[in-house]
Amino acid sequence: VQLQASGGGLVQAGGSLRLSCAASGSIFSINIMAWYRQAPGKQREFVASITSGGLTSYVDSVKGRFTISRDNAKSTVYLQMNSLKSEDTSVYYCYCRRDSGFGYWGRGTQVTVSS
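Okay, structure coming up:
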């Protein structure tokens with residue numbers, strides 16, 4: 028499975044960005060698609076996830092501001108990020124996991140929020 032993320036960039040605090048991640052290759056039995064992020068000097072942290080059935084989960088710090096969605100036909104997951112804060116500045120990584128539990132990571136995309 029290959030994951031191609033896009034949509035990162037530089038935005039002012041309070042602004043919005045939409046990240047996309049398209050999966051290709053042997054994408055059968057992909058259940059969970061998710062976003063993680065890693066700021067400089069910090070551990071990678073969970074941001075949001077969505078199952079093939081549409082069940083979502085978010086880290087508390089982004090609830091009400093970020094929305095994860097998924098287009099199963101396109102094998103693509105999106106992360107709509109609104110009301111961005113400087114602390115959202117990170118490299119954002121796409122992740123997917125098969126029913127078997129085997130997971131795949133994509134290359135990160137940089138999100139920088141200027142205050």
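Note that the numbering used here has the sequence shown beginning at 28, numbered continuously upward. Built from N, CA and C at the ideal position, the CB exists for glycine as well.
My guess is that residue i and residue j are in contact by the Cβ rule of under 8 Å, so how many angstroms apart are they, rounded?
i, j, result
"residue 30", "residue 108", "Going by Cβ atoms, the distance from residue 30 to residue 108 rounds to 18 Å, so no, they are not a contact pair."
"residue 40", "residue 140", "6 Å"
"residue 119", "residue 136", "5 Å"
Between residue i and the rest of its own chain, which residues show a CB-CB distance below 8 Å, the 5 nearest in sequence each way excluded?
i, result
"residue 97", "60, 77, 79, 81, 103, 104, 105"
"residue 132", "30, 120, 121, 122"
What is the DSSP secondary structure of residue i, counted as helix, strand or coil?
i, result
"residue 28", "coil"
"residue 113", "helix"
"residue 88", "helix"
"residue 136", "strand"
Taking C-beta to C-beta, are residue i and residue j nearer than 8 Å?
i, j, result
"residue 75", "residue 85", "yes"
"residue 134", "residue 32", "yes"
"residue 117", "residue 142", "no"
Once you ignore the five residues that flank residue i on each side, which residues in its own chain have a CB closer than 7 Å to its CB?
i, result
"residue 89", "74, 75"
"residue 38", "44, 111, 140"
"residue 66", "116, 117"
If I measure Cβ to Cβ from residue i and keep anything under 6 Å in the same chain, skipping five residues before and after, which residues do I get?
i, result
"residue 42", "111"
Could you check whether the Cβ of residue i sits closer than 7 Å to any heavy atom belonging to the ligand SAH?
i, result
"residue 83", "Only the bare structure without any ligand can be found here, which leaves the ligand SAH out of the picture."
Item checked: Any 3 or more C-beta pairs closer than 8 Å across the region 123-138 and the region 49-69 -> Judged by Cβ distances under 8 Å, the region 123-138 makes contact with the region 49-69, as three or more pairs qualify.
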